[in-house]
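Undergrad:
In the working numbering, the protein residues as written are 1 to 796.
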């Protein structure tokens with residue numbers, strides 16, 4: 001047994017020594033090489049059966065403890081990989097079966113004396129530190145948001161946009177303001193623990209073997225009257241009875257499968273109820289069409305599809321509204337210079353306001369330089385006729401192009417794939433903008449493209465003209481498109497009510513702007529940014545930052561993590577190999593660490609705000625990614641059956657470089673960044689300050705073993721908040737719907753889901769009862785369990 005343990009020490013020392021020397025050469029910590037000497041010496045002395053091996057290892061273990069505390073403090077999750085194996089080996093040396101076979105010497109005496117006490121003391125000290133660190137949560141920020149209404153509301157009501165009634169949820173974010181806040185207050189922090197399943201519905205649309213990787217349920221149902229309306233990843237629209245969960249009707253768009261699609265998802269449908277009269281100034285033809293629309297489909301839902309169509313359906317029957325566009329279907333690929341199948345689609349519901357349907361579209365990231373335009377278009381809600389178009393690469397011309405005459409939109413201009421918000425009083429619609437493909441190559445971008453990439457743009461609803469633009473990243477080379485629906489809220493500043501906009505970004509900033517002008521309500525800064533772009537490109541010398549921000553600190557060598565000391569060492573070596581001078585380090589041929597990664601601190605789930613208390617609840621997530629440029633000559637031909645993906649090699653056909661992207665993971669497949677990776681957080685929007693932050697989610701579904709450890713895990717999806725003071729959120733990569741106290745962020749309740757809940761919940765009221773609904777169907781990219789569930793909860 002002694003020889004076996006001696007071999008373990010020698011092997012451990014050899015691995016740590018080789019890796020440690022490599023790390024020193026790269027400029028990293030000298031600890032691993034130094035401690036390797038202790039392991040090797042201990043192994044040699046054990047082989048010689050010398051009792052002083054215990055003393056040598058006691059010194060090695062004590063040095064490890066001091067070094068670990070010096071690097072990371074009393075953070076158990078960071079101490080564990082540093083001390084786990086060393087402590088286990090120390091305990092092995094203390095076994096009588098080992099000590100009895102060791103001979104004493106004149107320096108330290110027999111193994112049962114000083115050597116035993118020295119090593120036992122070192123092991124005990126390490127265990128005490130481990131126990132103490134388990135009680136510490138250094139990542140947590142404790143605080144309480146205000147419980148009071150922040151300003152005198154007009155007519156007793158906060159401004160929530162196009163409010164349709166407390167029990168309703170008419171749009172993706174409930175109203176056009178996108179607040180994800182409900183005035184319902186039946187469910188409270190005191191009784192939320194009593195929530196029970198009210199009904200469960202299964203759509204029948206499950207992930208298929210031949211689906212693309214990112215086949216995902218991201219839908220938030222809308223509720224109008226007694227019915228809910230949803231869409232599924234394969235573009236089936238369904239109406240559900242809000243009381244029972246029974247199916248009213250379903251419509252299958254038959255959008256088919258295409259391996260060139262990057263996303264197979266649908267975030268929601270759009271509701272429209274036709275007014276009794278045609279708009280003022282309507283032509284006789286428009287009046288006649290409106291009369292037909294009132295007769296055939298007075299209440300409608302519009303379904304966006306994965307094959308670039310928008311279909312109008314009768315909300316009461318599910319029948320196609322044949323008067324709309326081309327027999328009920330609007331073809332969104334019209335006007336595109338290039339139109340490769342599967343490269344363009346709308347994953348988010350359009351806005352319906354003032355008789356217009358306003359819609360953007362997603363393009364496949366980093367596939368080709370000849371992709372469809374990112375144009376934003378407004379169509380007549382009855383006829384489907386084009387009213388205006390705003391192309392970010394040609395922003396001053398919004399007159400509809402002559403499609404019949406062969407005119408086209410700008411190829412590959414920055415697009416908007418997420419959800420819009422709008423203010424009917426101001427007559428403005430707010431667009432979160434992405435980039436021109438390729439995301440990581442900025443060569444050849446025009447001034448107009450530069451101005452509108454990774455920005456929030458306000459357009460005039462009536463004519464589509466730009467009113468203002470607020471850029472969140474200059475010359476974006478990191479896929480930091482604005483992913484989230486901007487949230488509109490009236491804020492009190494110095495006693496004055498200001499129409500504001502809260503814009504979450506991937507890099508963790510929350511821009512609090514005057515939504516009339518786009519100007520920040522607090523002073524903004526420009527911080528120095530790293531240089532070092534490839535010779536053909538450049539990087540911006542500065543980048544903007546908002547006052548309210550969840551940006552993480554710059555990564556350091558000691559932030560690298562692993563389950564064991566070995567994969568932690570691997571992560572530290574890899575960290576030193578990558579280009580990284582902080583956030584906004586440009587892409588490189590050798591590989592650049594992008595942190596926060598393009599998964600984002602915030603993504604399409606956005607944040608929820610309480611317009612009465614003027615507070616925010618969100619789910620910041622932290623995962624580093626690696627971005628590596630690949631010269632065109634080194635990219636192999638596309639293999640038969642190779643499908644679209646945002647991970648791995650992105651081909652960038654037509655560009656001099658492709659890009660290889662993926663999360664920064666250890667050889668064991670866990671993030672190289674030390675946890676927590678996911679939080680829930682609250683902020684005061686009046687002072688633009690973070691008030692609390694608590695780790696969120698468990699390891700329950702991250703490992704083969706069902707261990708439910710509250711580690712703080714990543715997630716994608718969004719929260720909602722209620723007047724009752726409760727927030728609801730699923731989103732994390734463990735399969736739970738959770739309720740939180742909005743005031744403190746404390747978790748109050750959870751329900752196990754049968755599949756991944758990577759969607760945003762909603763809440764509504766019917767027959768005096770408040771329901772909470774979550775769609776659980778899983779997310780292909782993050783690997784959660786697929787399914788087809790819609791589940792409603794209510795109090796007994």
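Think of the CB as a built atom: it goes at the ideal place given N, C-alpha and C, for glycine as much as any other residue.
Just so you know, these numbers come straight off a predicted model, no measurement behind them.
Identify which residue in 687, 704, 689 and 708 has its Cα closest to the Cα of residue 697.
TA: Against the chain shown, residue 697 aligns to sequence position 697. Taking only the C-alpha atoms, the option nearest residue 697 is 708.
Undergrad: Check whether the Cβ atoms of residue 757 and residue 774 lie closer than 9 angstroms to each other.
TA: Mapped onto the chain shown, residue 757 falls at position 757. Mapped onto the chain shown, residue 774 falls at position 774. The answer is yes: Cβ separation under 9 angstroms.
Undergrad: State the Cα-Cα distance for the pair residue 500 and residue 438, rounded to the nearest angstrom.
TA: Numbered from 1 along the chain shown, position 500 holds the residue referred to as residue 500. Numbered from 1 along the chain shown, position 438 holds the residue referred to as residue 438. If you draw a straight line from the Cα of residue 500 to the Cα of residue 438, it comes to about 32 angstroms.
Undergrad: Compute the Euclidean distance between the alpha carbons of residue 367 and residue 332, then round it to the nearest angstrom.
TA: On the chain shown, position 367 is the one that residue 367 refers to. On the chain shown, position 332 is the one that residue 332 refers to. Using only the alpha carbons, I get a separation of about 20 angstroms.
Undergrad: If contact is defined by three or more beta carbon pairs under 8 angstroms, each pair taking one atom from either stretch, is the segment 630-640 in contact with the segment 653-666?
TA: yes
Undergrad: Check each candidate in 751, 163 and 168 and name the one with the smallest Cα separation from residue 222.
TA: Position 222 of the chain shown, counted from the first residue, corresponds to residue 222. The candidate whose alpha carbon is nearest that of residue 222 is 168.
Undergrad: How do the segment 567-576 and the segment 18-28 stand: do at least 3 beta-carbon pairs fall below 8 angstroms, yes or no?
TA: yes
Undergrad: Residue 487 and residue 609 look like a contact to me (Cβ under 8 angstroms); what is the Cβ gap, rounded to whole Å?
TA: Sequence index remark: in the chain shown, residue 487 carries index 487 (1-based). Sequence index remark: in the chain shown, residue 609 carries index 609 (1-based). Indeed, because the Cβ distance is near 5 angstroms, the residues count as touching under 8 angstroms.
Undergrad: When the Cα atoms are used, what is the spatial distance from residue 587 to residue 476?
TA: Taking the chain shown and counting its residues from 1, one reaches residue 587 at position 587. Taking the chain shown and counting its residues from 1, one reaches residue 476 at position 476. Spanning the two alpha carbons is a distance of roughly 11 angstroms.
Undergrad: For residue 534, report the span of its alpha helix (DSSP H) as first-last.
TA: Within the chain shown, residue 534 is the residue found at index 534, counting from 1. Taken as a continuous stretch (DSSP letters only), residue 534 belongs to no alpha helix (DSSP H), as it is neither H nor E.
Undergrad: Residue 731 and residue 605 - do their beta-carbons sit closer together than 9 angstroms?
TA: For the purposes of this step, residue 605 is taken as the residue at position 605 of the chain shown. For the purposes of this step, residue 731 is taken as the residue at position 731 of the chain shown. Their beta carbons are under 9 angstroms apart, which means residue 605 touches residue 731 by this criterion.
Undergrad: Give me the Cβ distance between residue 193 and residue 748, rounded to the nearest whole Å; I'm assuming they're in contact under 8 angstroms.
TA: In the chain shown, the residue the question calls residue 193 occupies position 193. In the chain shown, the residue the question calls residue 748 occupies position 748. Right, the Cβ-Cβ distance comes to about 6 angstroms (below 8 angstroms), so this counts as a contact.
Undergrad: If you reduce the DSSP assignment to three classes, tell me which class residue 217 lands in.
TA: Numbered from 1 along the chain shown, position 217 holds the residue referred to as residue 217. The answer is coil: DSSP assigns residue 217 none of H, G, I, E or B.
Undergrad: Straight-line CA distance for residue 33 to residue 216?
TA: Counting from 1 along the chain shown, the entry for residue 33 is found at position 33. Counting from 1 along the chain shown, the entry for residue 216 is found at position 216. In this structure, the straight-line span from the alpha carbon of residue 33 to that of residue 216 is close to 46 angstroms.
Undergrad: List the endpoints of the continuous beta strand (DSSP E) containing residue 269.
TA: Looking up residue 269 in the chain shown gives position 269. It is not in any beta strand (DSSP E) - residue 269 carries neither H nor E in the DSSP assignment.
Undergrad: Do residue 86 and residue 102 count as a contact pair if the criterion is CB distance below 9 angstroms?
TA: In the chain shown, residue 102 corresponds to position 102, counting from 1. In the chain shown, residue 86 corresponds to position 86, counting from 1. For residue 102 and residue 86, no; Cβs fall outside 9 angstroms.
Undergrad: On the three-state DSSP scale, how would you describe residue 105?
TA: Stepping through the chain shown from its first residue, residue 105 is reached at position 105. DSSP, reduced to helix, strand and coil, places residue 105 within a strand of the structure shown.
Undergrad: Residue ranges of each beta strand (DSSP E) run of no fewer than 3 residues wholly in the segment 305-367, ordered along the chain?
TA: 309-314, 329-331, 351-353 and 356-359
Undergrad: Could you round the C-beta distance between residue 584 and residue 533 to whole angstroms and report it? I think they count as a contact, below 8 angstroms.
TA: Counted from its first residue, the chain shown places residue 584 at position 584. Counted from its first residue, the chain shown places residue 533 at position 533. About 10 angstroms; that fails the 8 angstroms criterion.
Undergrad: Mapping DSSP to helix, strand and coil, what is residue 848?
TA: Outside the displayed span of the chain (1 to 796) sits residue 848, for which this structure offers no information.
Undergrad: Please report the straight-line C-alpha distance between residue 387 and residue 400, rounded to a whole angstrom.
TA: For the purposes of this step, residue 387 is taken as residue 387 along the chain shown, with counting starting at 1. For the purposes of this step, residue 400 is taken as residue 400 along the chain shown, with counting starting at 1. Each residue's Cα considered, the two are about 6 angstroms apart.
Undergrad: Does the segment 274-291 come close enough to the segment 307-317 to have 3 or more Cβ pairs within less than 8 angstroms?
TA: Judged by Cβ distances under 8 angstroms, the segment 274-291 makes no contact with the segment 307-317, as fewer than three pairs qualify.
Undergrad: If contacts are defined as beta-carbon pairs under 8 angstroms, then residue 166 and residue 229 qualify, I think. What distance do you get, rounded to the angstrom?
TA: Taking the chain shown and counting its residues from 1, the one referred to as residue 166 is at position 166. Taking the chain shown and counting its residues from 1, the one referred to as residue 229 is at position 229. Contact flag wrong, Cβ pair sits at about 19 angstroms.
Undergrad: Using three-state DSSP, classify residue 829 as helix, strand or coil.
TA: There is simply no residue 829 to check, as the chain begins at 1 and stops at 796 in what is shown.
Undergrad: Return the chain-ordered ranges of every alpha helix (DSSP H) run that is complete within the segment 444-523 and spans a minimum of 4 residues.
TA: 447-452
Undergrad: Under the three-state reduction of DSSP, which class applies to residue 62: helix, strand or coil?
TA: Position 62 of the chain shown, counted from the start, is the residue given in the question as residue 62. It is helical.
Undergrad: Which one of 495, 55, 21 and 457 has the shortest CA to CA distance from residue 517?
TA: Along the chain shown, one-based indexing puts residue 517 at 517. Ranking the options by Cα distance to residue 517, first place goes to 457.
Undergrad: Flag this pair as yes or no: are the beta carbons of residue 779 and residue 214 separated by less than 9 angstroms?
TA: Within the chain shown, the letter at position 779 stands for residue 779. Within the chain shown, the letter at position 214 stands for residue 214. Annotated as proximal: residue 779 and residue 214, with beta-carbon spacing under 9 angstroms.
Undergrad: According to DSSP, simplified to helix, strand and coil, what is residue 603?
TA: Numbered from 1 along the chain shown, position 603 holds the residue referred to as residue 603. DSSP places residue 603 in coil when its eight states are reduced to three.
Undergrad: Excluding the five sequence neighbours on either side, which residues of its own chain have a C-beta within less than 6 angstroms of the C-beta of residue 497, listed in chain order?
TA: In the chain shown, the residue the question calls residue 497 occupies position 497. Excluding sequence neighbours, residue 497 sits near 490.
Undergrad: Please check the pair residue 507 and residue 419, which I expect to be a contact at CB under 8 angstroms, by giving their CB distance rounded to whole angstroms.
TA: Within the chain shown, residue 507 is the residue found at index 507, counting from 1. Within the chain shown, residue 419 is the residue found at index 419, counting from 1. Contact doesn't hold; Cβ gap of about 19 angstroms is too wide.
Undergrad: Have a look at residue 404 and residue 395 and give me their C-alpha separation to the nearest angstrom.
TA: Along the chain shown, one-based indexing puts residue 404 at 404. Along the chain shown, one-based indexing puts residue 395 at 395. About 21 angstroms.
Undergrad: Assuming residue 733 contacts residue 782 under a Cβ cut-off of 8 angstroms, what Cβ separation, rounded to an integer in Å, is found between them?
TA: Translated into positions along the chain shown, residue 733 becomes position 733. Translated into positions along the chain shown, residue 782 becomes position 782. Sure, about 6 angstroms apart at Cβ, within 8 angstroms.
Undergrad: By DSSP, does residue 612 sit in helix, in strand, or in coil?
TA: Within the chain shown, the letter at position 612 stands for residue 612. Coil at residue 612, not helix or strand.
Undergrad: Find the nearest neighbour of residue 483 within the set 73, 600, 451 and 581, judged by alpha-carbon distance.
TA: The count along the chain shown starts at 1 and reaches residue 483 at position 483. Minimum Cα distance to residue 483 is reached at 600.
Undergrad: Look at the alpha carbon of residue 514 and the alpha carbon of residue 502, and state the distance between them as a whole number of angstroms.
TA: As a first step, residue 514 must be located in the chain shown, where it is residue number 514. As a first step, residue 502 must be located in the chain shown, where it is residue number 502. Cα-Cα distance, rounded: 9 angstroms.
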